[in-house]
Amino acid sequence: MTRYWEDLKILQVNREAPRAYYIPYGEAEAALSGKRGRSPYYQTLNGRWKFQYQSSVKDVENGFYDVATDVSAWDDLTVPSCWQVKGYDQLQYTNVNYPFPCDPPFVPNENPAGLYVREFNISENWKGKEKYVVFEGVNSCFYLWINGEFVGYSQGSRVPAEFNISPYIQSGKNRMAVMVLKWCDGTYIEDQDLWRFSGIFRDVYLLARDQNHIVDVFNKQELSDDCQKAVFRCELQTTSPLEINAQLRNAKGDVVHEGKAMIDRKGSLEFEVLEPVLWNAENPYLYSLYIYSGDEVLLFKVGFRKVEIKDGVFRINGTAVKLKGVNRHDSHPVLGQTIPINHMIKDLVLMKRHNVNTIRASHYPNDPRFLDLCNAYGFYLIDEADLECHGVLHAGDYHMLTRNPDWEHAFLERAIRMVERDKNHPSIVMWSLGNESGYDMNHMAMARWIKGRDTSRPIHYEGVDPRHKGSPNTEVIDVESRMYSSPAYIENYAKDENSTKPMFLCEYSHAMGNGPGDLKDYWDIIYKYPKLMGGCVWEWSDHGIKTQSANGTQYFAYGGDFGDQPNDGNFCIDGLVGPDRKPHTGLLELKQVIAPIRIEAEDLSKGAITVTNLFDFTILSHMELTWKIEKDGQLMDQGEPIQLHALPHTAQQVSIPYAIPSQSHSRYFLTVSCRSKWDTRWAEAGHEICFGQFELPVHRLQEHKAQSIPAIHVNSSGHQLSIEGFDFKHIFDMYNGVFIKVTKHGLDMIDSPVKFNIWRAPTDNDRKIKHSWMEEGYDRATMHVYSSEITNQTDTSVEIEVKFSLGGYIKIPILHGVALWKVDGTGEISLQVDITVRESLVFLPRFGLQLTMPQGTEEVEYFGLGPHESYIDKRQSVKKGKYLLTVDEMFENYIMPQENGSRYGTEWAIVSNEQGMGLKFSGSDDFSIHAAHYTPEDLTRAAHDYELVRRQETIVHLDYKISGVGSNSCGPELLEPYRLDEKEFKFEIRIKPIFKEDE
């Protein structure tokens, strides 16, 4: 067979010209249903195919496609599917690097091939019709035969390939054969950060068309400046002269306009719509355009909206809009890149419920039905060409392909096929020229073609970032797009008067593992400057492959788990949701930070708060405000919901009718929640959009309880100091400078010596800084005691001063400390520690006290931020309150084990058995608490969650401070305010053995 797969001059053979996506129906009602199977002119070829995998195309037998070839012994394979998840070939994840030598356009001679054969019937009802086959997605290229005859060839994995098969087909039984190659020259520009899947992975179907039929439709609109009048133009292309009838109906089904025209191959229908209901992501109002020709009905959803950049500001329908987005790959934990419709819906519902309004289709056009769903659910979509050649960066020249004129046609075709298929979708607000492919003449050719074809949307491409040192000629690009720029960088851009284009963060706040921790920092700045149009978090979901360990434990695998080389490890586990779509706490954080409503205190003494409507087009009449007052974490008062009515971009003053004392021994917190009043297609009534919480201005009275402190007995035996009271006995090791036994009523509260700790299991966002930490020995720091002595002793208390250091072998000590331990007759242990950190050291992961509590310690009650994990830079989504959790509920499971589950802003906590026997921790200042059945070392060693062995004991950390999580797995360094970078600090904590029932 002809070797098209390495010929840049041949990207297709006999393929139909790209066109708008549609399905011809026989009647309007069926078309409105959106169910393709209700069309008499549609026939699916999804289902069981015979399949043979060959590790090299050289082993493919000539004539496998012949009608007489016996394929009964071949395997059965469901189409659509990715053959790697069906047990064929190598599962491989790589980000930047090509999985073969970089020698474009050539690919390895040992090029795996998948052979597909199926028989299908053609109905007698299709006699006289033109027959077409459509492959929605095949990776990476394929050859097509029908009834033994060669039909054509196509490459370009994620856009449709359509062939007219009328000359090759007959009524009754037919045989189709397809050869799919794993690699072709197009693979060089399909080097996206993902699992490398192959096969017929999207739908395959047949279409029957009238001999004279509509080929293409381009629905254009021009809105007046005030958006009160729309000129609608439907441009049509037909095979031959054809009479066209069109109806535009509103969402109720009422006819708004009708038109008729004779179209001779090219022509148009045009009419005006006065006061159109506008489409936007908040109110995705869709009209229906029915086009009748011959026996066919075509249906297009029409959303009237204007996208423009004016005065350097991105606007929709004349209003400045912030894009609150995520990057979304096609990813399914079992099916790979084959995405069922309900899986798409699940993603979109989750996004809507978490205040996401924008999706960047990273980094290729999605299934056309996904775009239909975005139109209907309401999302702004950045449609991206299936073009990425990141791998050339490591080969030596980031711009080598975009500068090479031999590749111009390959680049340009990616833009053409995307735009032609998707041009009628109102949800698309920007075109993207691909991703991470350098920038030069071939990208400019793409942009110029798009501008010549569609003037209604701006063009985005991150490769124009001058830091990439591509061509300085960026006139054809409409926005300044950046990846992982710091908050300071984007603010400097916004302040620069010479910066005239809006800035879009196409990727920011890398959500890998425990993160991101810098969302609020970005959005405080984005809201501040009109020139900043928002951005898309990287990324939506973890790309784990569901598999099982040798002992049968199910887990989500990542790069390298299948022996794949090269691989980029767990860098594909970088989403806001898990592969199973369970939200990570990072998604909860994003929801609160980008919420379309802001709640601020005005005058809390009078119950006055301000509610700001950050919706761009929606009055808050669909929302109501619920509120409650908590006293020391217990519900004290709540009232009827308060109705909201603020116009977009305006504020509303709200008075909450609560009554609180002017002074009290207790603390009072007001929590207000904005909730939906009605059901929507993505959430039930009562769904919380966002919340606000405020401590109320009550003068705090200090309790002065006269307490008789019982006597204690202090005895020394060797280097052990026994401190015994009425109902407790503690033992302090004077040699090692820590407590080794803490009891109450004879019950042991710790299982091993208390210790100071600076190490945390590195998060994915610590992947860079952890090397500096380990170089300085933070992970192996041990305590050296210089001296340990009793400095004060009375009948009711004893104080012990310990001078110590923490350091790792080879290195000079990391820090020096003086710990003052005090025990009084109640059994309470007080610690005051003064720390001096060695100058010039990189910031510490944490500093605090680590305790190991015995088996059965399973209950954590605390007053602080919750209910889920929080950190100094990741705490917008938590509320102050009193929480009762199990130790297992404190744990946040990440596919790659890492630091997790800490609770920032804790005022007191009790860790106990279920009977309430345990330790109470409190401090003069807030602290972070962490309780788990794993040590930091356990988490550090494990590469997958299934490798963790749950300890019976409970490991408790009481941290003065734990550094923030940031987003430095692929983003800026952790911001300075969130680092434990102090060279001198003081930490105080109190530890008291208690039986809660007796307190």
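Sequential numbering from 3 applies to the sequence shown in my numbering.
Ideal Cβ placement from N, Cα and C applies to all residues, glycine included.
Supposed close pair residue i, residue j - CB separation, criterion 8 Å
i	j	result
Ile714	Ile725	6 Å
Glu626	Lys679	5 Å
Val59	Leu183	6 Å
Phe806	Tyr788	6 Å
Val136	Pro162	5 Å
Trp51	Cys143	18 Å between Cβ atoms; not a contact.
Tyr118	Ile202	6 Å
Gly907	Ser914	With 8 Å as the limit, Gly907 and Ser914 do not qualify as a contact, their Cβ atoms being about 21 Å apart.
Pro286	Asp266	Not quite, the Cβ-Cβ distance comes to about 36 Å (not below 8 Å), so this is no contact.
Glu591	Leu637	Incorrect: roughly 25 Å between the Cβ atoms, too far for contact.
Pro755	Val744	The Cβ separation is near 10 Å, so there is no contact.
Tyr670	Lys633	6 Å
Asn166	Gly515	That belief does not hold up - the Cβ atoms of Asn166 and Gly515 are roughly 50 Å apart, past 8 Å.
Lys630	Thr673	5 Å
Counterpart residues of residue i in DSSP-defined beta bridges
i	result
Tyr44	Leu209
Ala248	Gly261 and Ile293
His667	Answer by DSSP bridge pairing: none, since His667 is not bridged.
Asp744	For the sequence presented, residue 744 should be read as Val rather than Asp. Answer by DSSP bridge pairing, in chain order: His732.
Glu390	Glu192
Thr793	Looking at the DSSP assignment, Thr793 forms no beta bridge with any residue, so it has no partner.
Ser930	Asp961
Glu726	His715 and Lys731
Neighbour-count burial assignment, residue i, 16 or more Cβ in a 10 Å radius
i	result
Met402	buried
Ile599	buried
Pro1032	Outside the displayed span of the chain (3 to 1001) sits residue 1032, for which this structure offers no information.
Phe728	exposed
Met3	exposed
Gly139	buried
Lys354	buried
Val951	exposed
Tyr67	buried
His1020	Here the chain comprises residues numbered 3 to 1001, so residue 1020 is not present and cannot be evaluated.
His651	exposed
Met264	exposed
Glu697	exposed
Ser173	exposed
Val233	exposed
Ala597	buried
Leu853	buried
Pro407	exposed
Ile361	buried
Gly89	exposed
Arg5	exposed
Residue-level contact to chain D via CB, residue i, 8 Å cutoff
i	result
Gly472	Structure shown: chain D not included; a single protein chain is present.
Contact under 8 Å by Cβ, residue i with residue j
i	j	result
Arg416	Tyr23	no
Ser41	Ser333	no
Pro568	Pro101	yes
Leu867	Lys884	no
Ser458	Lys222	yes
Ser290	Leu301	yes
Cys229	Lys308	yes
Met446	Asn475	yes
Gln594	Cys676	no
Gly973	Tyr400	no
Ala783	Val804	no
Asp566	Tyr95	yes
Arg953	Ile931	no
Residue ranges of each beta strand (DSSP E) within the segment 174-198, 3 or longer = 174-183
Which full runs of the alpha helix (DSSP H) of 4+ residues lie inside the segment 828-895, going along the chain?
-> 889-892
Every unbroken beta strand (DSSP E) within the segment 425-500, with a cutoff of 3 residues, ordered by chain | 430-434 and 482-485
Unbroken alpha helix (DSSP H) runs of length 4 or more, entirely within the segment 348-379: which are they?
-> 370-379
With a floor of 3 residues, list each beta strand (DSSP E) that falls wholly inside the segment 543-629, ordered by position along the chain.
-> 547-550, 556-559, 599-605 and 610-615
If you scan the segment 769-813 from start to end, which runs of the alpha helix (DSSP H) of 4 or more residues do you find wholly inside it?
-> 771-777
Along the chain, which unbroken stretches of the beta strand (DSSP E) at least 3 residues long are found entirely within the segment 117-158?
-> The beta strand (DSSP E) runs of length 3 or more contained entirely in the segment 117-158 are, from start to end of the chain, 132-137, 143-148 and 151-157.
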